[in-house]
Amino acid sequence: MNEQDFLAGYDPRDYPAVAVTVDVVALTIREGALHLLLIRRGAPPYEGHWALPGGFVHPDEDLTAGARRELAEETGLGGDRLRRVHLEQLGSYGDPDRDPRMRVVSIAHLAFAPDLPDPVADTDADEAIWLPVTALTSRQLAFDHGRIIDDGLERARSKLEYTPLATRFLAPEFTITELRAVYETVWGHPLHAGNFHRKVLSVPGFVESTGTSTERGGARGGPRAKLYRAGDARLLHPALLRPAREETVR
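Okay, so the sequence shown: first residue is 1 according to full-length UniProt numbering, each after it adds one.
See below:
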């Protein structure tokens with residue numbers, strides 16, 4: 001039997017149905033705190049529970065396109081602003097009983113960017129909010145989204161150690177103080193200003209000077225701060241370890 005004959009007689013209904021969804025762990029920094037995008041489900045299953053933005057993958061789109069579509073629907077982002085959002089696959093979640101409707105495998109994605117707009121709930125959601133991650137325990141989550149969120153937060157925190165992705169939370173030009181604030185917010189730990197400044201500038205390709213400074217000095221006066229932009233490094237060497245991990249290495 002050749003392939004053409006095989007495909008002509010192939011019936012997918014001979015096999016159990018499995019659906020594929022995408023879920024997005026979308027993070028941003030608002031008012032100095034790390035926030036997560038959540039929607040409150042407006043229909044069963046888990047009606048009234050909070051969930052990650054996501055949904056079934058359309059037959060004509062790949063997984064990344066599906067994740068971007070779901071993120072756009074909840075944030076109103078489009079065009080260049082949507083393309084500037086960092087988006088990567090986080091993991092696959094396929095426990096047989098994770099969805100009461102049928103066997104559903106979710107491909108979760110991690111997204112983060114600065115200044116993401118206020119969310120707008122789509123037709124199947126009652127509400128959409130940016131929630132501080134410190135307030136997650138106050139929300140009843142749908143499906144296995146608590147596990148996905150935990151994995152997403154750990155991925156984000158670890159990637160700040162060995163990649164320059166912290167710069168994706170910032171405007172194109174930033175100060176070292178603003179960069180340090182990203183690390184402190186995502187990691188949840190204060191960092192020594194002088195040590196952080198030294199470490200950042202010692203990593204080849206992490207940041208590069210713009211040759212310009214801020215228009216004003218700091219809140220307490222003083223000299224204007226130098227402005228930097230993201231460099232061309234894809235990995236940080238040496239890595240910037242979280243305080244707890246740094247103590248372990250020592």
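Beta carbons are placed, not taken as given, at the ideal position from N, Cα and C, and that holds for glycine.
Of all the options the options, which has the alpha carbon lying nearest to the alpha carbon of residue i?
i: L228; options: P164, A239, P238 and T185; result: The sequence shown places Tyr at residue 228, not Leu. Per the Cα distances, P164.
i: E70; options: L34, P119 and H49; result: P119
i: F112; options: H189, E3 and G152; result: G152
i: E154; options: L110, V203, K199 and T75; result: L110
i: E73; options: E127, D95 and H49; result: E127
i: T212; options: K226, L201 and G205; result: K226
Look at the alpha carbon of residue i and the alpha carbon of residue j, and state the distance between them as a whole number of angstroms.
i: A67; j: Q89; result: 9 angstroms
i: A51; j: V85; result: 20 angstroms
i: A43; j: R101; result: 13 angstroms
i: R234; j: V105; result: 31 angstroms
i: E208; j: H197; result: 13 angstroms
i: D11; j: N2; result: 16 angstroms
i: L34; j: P114; result: 11 angstroms
i: K199; j: R81; result: 31 angstroms
i: T144; j: G55; result: This sequence places Asp at residue 144; Thr is not what is there. When rounded, the distance between both Cα atoms is 14 angstroms.
i: A142; j: Y46; result: 6 angstroms
i: G48; j: Q140; result: 9 angstroms
i: D122; j: L63; result: 20 angstroms
Within 10 angstroms of its Cβ, does residue i collect 16 or more other Cβ (buried), or is it exposed?
i: E31; result: exposed
i: A65; result: exposed
i: residue 252; result: Not covered by the structure: residue 252. The range shown for the chain is 1 to 250.
i: A193; result: exposed
i: T177; result: exposed
i: Y15; result: exposed
i: A169; result: First, the residue type needs correcting, since residue 169 is Phe and not Ala in the sequence shown. By the neighbour-count rule (16 or more Cβ atoms within 10 Å), F169 is buried.
i: F6; result: exposed
### Message
Suppose only complete runs of 4+ residues qualify. What are the alpha helix (DSSP H) ranges in the UniProt domain "Nudix hydrolase" (19 to 154), listed by chain order?
### Response
63 to 75 and 79 to 83
### Segment contact flag, the segment 127 to 139 with the segment 169 to 182, C-beta cutoff 8 angstroms, min 3 pairs
no
### Query
Using 8 angstroms as the Cβ pair cut-off and three pairs as the minimum, do the segment 106 to 116 and the segment 10 to 26 touch?
yes
### Message
If we require 4 or more residues per run, which alpha helix (DSSP H) segments fall completely within the segment 157 to 238?
### Response
176 to 187 and 193 to 202
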